[in-house]
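Shown next, in structure tokens, is the structure this report addresses.
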Amino acid sequence: MENRIRVLVAKPGLDGHDRGAKVIARALRDAGMEVIYTGLRQTPEMIVSAALQEDVQVIGLSILSGAHNAIVPRIMSLLAEKGMTDVVVVVGGIVPDPDAEELKKLGVAAVFQPGASLETIVEFLRGAVPQAA
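Residue numbers (this note's numbering): 3 to 135.
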């Protein structure tokens, strides 16, 4: 298990609903991944700093507030500034299809909308982090 995928699960912004993030964190852990959950109300700077300190391969953002168009570009910019372009970023939550496409253009690997299965998310991450697959 030395090559376990390290995932940072974060709840950016002012949205206080974290049940989904906790369910995802547990599912990833149960699938053998190492999961760091940052908790509620994280700023982009806090998220990128934690990802750097924890040396994660994946950042999972749970956003239900509709602030994805402001938060995600800032996170992607900070990752680029820190030379962390190899970190896989995925977003889950309420993201309209046109916005999801724009986020992918920024470098987001996947957007998981309500109804995405835990199995689909786990398998996607296993495929997105080749050294741990």
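Note that beta-carbon positions come from the ideal geometry of N, C-alpha and C, so glycine has one too.
Span of the alpha helix (DSSP H), counted from its first residue to its last, around residue i
| i | result |
| --- | --- |
| residue 22 | 21-32 |
| residue 50 | 46-56 |
| residue 73 | 70-83 |
| residue 122 | 120-130 |
For residue j and residue i, the rounded distance between their alpha carbons
| i | j | result |
| --- | --- | --- |
| residue 15 | residue 126 | 25 Å |
| residue 10 | residue 49 | 8 Å |
| residue 68 | residue 120 | 22 Å |
| residue 105 | residue 97 | 10 Å |
| residue 13 | residue 72 | 14 Å |
Residue(s) in a DSSP beta bridge with residue i
| i | result |
| --- | --- |
| residue 36 | 8 |
| residue 63 | 12, 93 |
Boundaries of the beta strand (DSSP E) in which residue i is found, first to last residue
| i | result |
| --- | --- |
| residue 112 | 112-114 |
As assigned by DSSP and simplified to three states, the class of residue i
| i | result |
| --- | --- |
| residue 109 | coil |
Query raised in the report: Using 8 Å as the threshold, is the region 44-60 in touch with the region 83-96, meaning 3 or more CB pairs across them?
Result: Yes: the two stretches touch, three or more of their Cβ pairs being nearer than 8 Å.
**Report entry** At least three beta-carbon pairs within less than 8 Å, the region 104-117 to the region 29-40
**Finding:** No contact exists between the region 104-117 and the region 29-40.
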